[in-house]
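**Student:**
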Amino acid sequence: MPDTLYRAAFVLPVASPPIRDGFVAVRDGVVIGVGPIGERPPAGEGAEVDLGSVILMPGFVNAHTHLELSHLEGALNGERGFVTWIEDQLRVRAERPADEASAGIQKAIAFLLASGTAAVADVSNSLATAGPLRESGLHALVLHEILGFDPTKADRVLDQTRAARAPLLETGSAVFRIEVAAHAPHSISRELFALLIADGGVKSIHVAESRAEDDFLRDGSGDWRGFLDRRVGPVAFTAPGTTPVRYLDALGVLRPGLLAVHCVRVDESDARLLAARGAVAVLCPRSNEFLGNGVPPLALLLSSGVSLALGTDSLASCASLDVLEDARFLARRFPRVPGAAILHALTRGGAVALGFEDLGEIRAGSRARFAAVGFEGGPPADPLAFVLNEAVPARGVA
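Structure, rendered in structure tokens:
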């Protein structure tokens, strides 16, 4: 017998077609059955919860965040360009007190839980988010972000970051892990990339996000060159003369399961390469638009066979941490892309990419972590279209 039987006007399992007037039976936090309400098992001693006029889905997966920047909400604008935004972010972040950052992290986590997010990949320089995420109830992958463009300091950077992670690695579990992220191809030296690969590789990297990145890797010019000169000082760098994606592949960074974040400025060759290497393109379209970097080529990535997930990026570059809004953004911009593909990226695609195989769909054996979107009046003719096209907030269930 189930502990709890949820009833909803619609169930979107992801793994199978939508179910009108459906149920999801749960025992010990795990789904044991899903189907039309007429086929529900006897409730026994368990509770039957009628959720009413809602569309019940798997909990969402936010596959790219920077929760430690949450206290910068509303403090920055992207109108002066990507590199200026980065410099402003570094300055404002240094000016803010540590307790403000901690409060922002806690507030952000509470929002994620309330708005239907079940899992998150959080990129952190300080690892300040590790403790709060471990205790949050979210499935969480904390990505310790490494930067280092000076080749003479590569060994030191690696040793320092290993030491920072060491006390936290023993706290890993099936729902909480810490792995390594590299910031970007234009902020890591070749020497440091080589050390990271020898040390097991990286799980995540920002790539093909901005024109400044393109210019720097093509011929060493542009706004990013100026930023590095101001921040690091003159460092010898021979530009590879190719795209960020092909540069990372030449270095051996592209591997199965790599979270290749943004992928705004990719061409057909880049997209085929991402697919061939088994990398996952994590799209953060609202952040990309805010920073004036463009919109990821969703149709090209899908047609090339690239696995997709969605993220919000941080509150320093996005209006909210509601990853459903990023799915809706893509649905509006790409009306010819099937909604099922966007829903998959929002749920199952992200879950698999983060290594949480028991999330992202509603089926026997999956974790009972759900999101629900309500509706008023008669039931929508197409529940998936309603979810992706109506400005109705989701809420977390279970």
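Per the working numbering, residue 4 is the first one in the sequence shown, and the count goes up by one each step. Ideal placement from N, C-alpha and C gives every residue a C-beta, glycine not left out.
1. Return the CA-CA distance between residue 242 and residue 189, expressed in angstroms with no decimal places.
2. Could you spell out the range, first to last residue, of the beta strand (DSSP E) harbouring residue 51?
3. Buried or exposed for residue 268, please, with buried defined as at least 16 other CB atoms from any protein chain shown within 10 angstroms of its CB.
4. Going by C-alpha to C-alpha distance, which of 115, 73, 208, 129 sits closest to residue 143?
5. Between which two residues does the alpha helix (DSSP H) containing residue 30 stretch?
6. For my contact list, residue 92 and residue 70 are in at a C-beta cut-off of 8 Å; report their separation, rounded to the angstrom.
7. Tell whether a beta-carbon distance below 8 Å holds between residue 122 and residue 64.
8. Considering only residues of the same chain and omitting the five flanking positions on each side of residue 281, which have a CB-CB separation below 6 Å?
9. As an exercise, report each continuous alpha helix (DSSP H) stretch of at least 4 residues that is fully enclosed by the stretch 227-312, in chain order.
10. Name the residue from 108, 201, 237 whose alpha carbon lies nearest to the alpha carbon of residue 137.
11. Examine chain B for any beta-carbon lying closer than 8 Å to the beta-carbon of residue 112, and answer yes or no.
12. Report buried or exposed for residue 213, applying the criterion of at least 16 other Cβ atoms within 10 angstroms of its Cβ.
13. Is it the case that the Cβ atoms of residue 183 and residue 147 are separated by a distance below 8 Å?
14. Please report the straight-line C-alpha distance between residue 336 and residue 156, rounded to a whole angstrom.
15. Can you check whether the CB of residue 266 is closer than 8 Å to the CB of residue 299?
16. To which residues of the same chain is residue 245 closer than 8 Å at the C-beta, ignoring the five residues directly before and after it?
17. Do the CB positions of residue 307 and residue 275 come within less than 8 Å of each other?
18. Return helix, strand or coil for residue 41, following the three-state DSSP convention.
19. Runs of 4 residues minimum, wholly inside the stretch 89-170: which ones carry the alpha helix (DSSP H) assignment?
20. Please list, in chain order, all residues of the same chain as residue 2 whose beta carbon is under 6 Å from its beta carbon, the five residues on each side excluded.
21. Assess, as a yes-or-no matter, whether the stretch 365-381 is touched by the stretch 11-19 under the definition of 3 or more beta carbon pairs within less than 8 Å.
22. Please classify residue 350: is it buried, with 16 or more other beta-carbons within 10 angstroms of its beta-carbon, or exposed?
23. Mind checking which residues open and close the alpha helix (DSSP H) that includes residue 342?
24. Indicate the three-state DSSP secondary structure (helix, strand or coil) for residue 80 in the structure shown.
25. Nearest by alpha-carbon distance to residue 40: which of 180, 127, 26 is it?
26. Can you check whether the CB of residue 320 is closer than 8 Å to the CB of residue 293?
27. What is the rounded straight-line gap between the Cα of residue 173 and the Cα of residue 180?
28. Taking the beta carbon of residue 82 as the centre, do at least 16 other beta carbons fall within 10 Å, making it buried, or is it exposed?
29. Taking contact to mean 3 or more Cβ pairs, one atom from each stretch, closer than 8 Å, check whether the stretch 193-204 and the stretch 157-177 are in contact.
30. DSSP puts residue 376 in a beta bridge; with which residues?
31. Can you check which of these residues, 124, 149, 381, is closest to residue 326 by C-alpha distance?
32. From residue 90 to residue 226, what distance separates their C-alpha atoms?
33. Measuring only the C-alpha atoms, how far is residue 379 from residue 391?
34. Starting from the Cα of residue 24, find the closest Cα among 56, 31, 32, 49 and give me that residue.
35. As a quick exercise: from 372, 234, 344, 342, pick the residue whose alpha carbon is nearest that of residue 87.
36. Let me check you understand the geometry: is the CB of residue 223 closer than 7 Å to at least one non-hydrogen atom of the ligand PLP?
**Tutor:** Looking at the coordinates:
1. Cα to Cα, residue 242 sits roughly 10 Å from residue 189.
2. Run containing residue 51: 50-53, per the beta strand (DSSP E) assignment.
3. Around the beta carbon of residue 268, 16 or more other beta carbons lie within 10 angstroms, which makes this residue buried.
4. Ranking the options by Cα distance to residue 143, first place goes to 115.
5. That residue, residue 30, is in no alpha helix (DSSP H); its beta strand (DSSP E) goes 22-30.
6. For residue 92 against residue 70, the beta-carbon gap comes to about 14 Å, at or over 8 Å, which does not count as contact.
7. Remark: C-beta atoms of residue 122 and residue 64 approach each other more closely than 8 Å.
8. If we look at residue 281 and ignore the five residues flanking it on each side, its Cβ neighbours are 259.
9. If we require 4 residues or more, the alpha helix (DSSP H) runs fully inside the stretch 227-312 come out as 247-254, 271-280, 288-293, 301-306.
10. When only C-alpha atoms are compared, the closest one is 108.
11. In summary, chain B is missing from the structure at hand, where a single protein chain is found.
12. Burial call: buried.
13. Cβ distance < 8 Å, so residue 183 and residue 147 count as in contact.
14. Distance between residue 336 and residue 156, taken at the CA atoms: about 43 Å.
15. Contact: yes.
16. The residues 220, 221, 253, in chain order, have a CB closer than 8 Å to that of residue 245 in the same chain once the five nearest residues on each side in sequence are set aside.
17. Taking 8 Å as the cut-off, the beta carbon of residue 307 is found closer than this to the beta carbon of residue 275.
18. The answer is helix: DSSP assigns residue 41 an H, G or I state.
19. Residue ranges of uninterrupted alpha helix (DSSP H) with 4 or more members, entirely inside the stretch 89-170 and ordered along the chain, are 101-117, 133-137.
20. This structure cannot speak to residue 2, because the chain is shown only from 4 to 401.
21. Yes, they touch.
22. Answer is buried; the Cβ neighbour count reaches 16.
23. Run containing residue 342: 342-347, per the alpha helix (DSSP H) assignment.
24. Reduced to three states, the DSSP call for residue 80 is coil.
25. Checked all of 180, 127, 26; the closest Cα to residue 40 is 26.
26. When the beta-carbon positions are compared, residue 293 and residue 320 come within less than 8 Å of each other.
27. Going by the C-alpha atoms only, they are around 10 Å apart.
28. Residue 82 should be labelled exposed.
29. Yes: at least three Cβ pairs fall under 8 Å.
30. As a beta-bridge residue in DSSP terms, residue 376 pairs with 58, 397.
31. For residue 326, the closest alpha carbon among the candidates 124, 149, 381 is that of 124.
32. In this structure, the straight-line span from the alpha carbon of residue 90 to that of residue 226 is close to 11 Å.
33. One C-alpha to the other measures close to 16 Å.
34. The shortest CA-to-CA distance from residue 24 to any of 56, 31, 32, 49 is the one to 56.
35. The candidate whose alpha carbon is nearest that of residue 87 is 234.
36. Absent from the structure shown: the ligand PLP. Ligands present: none.
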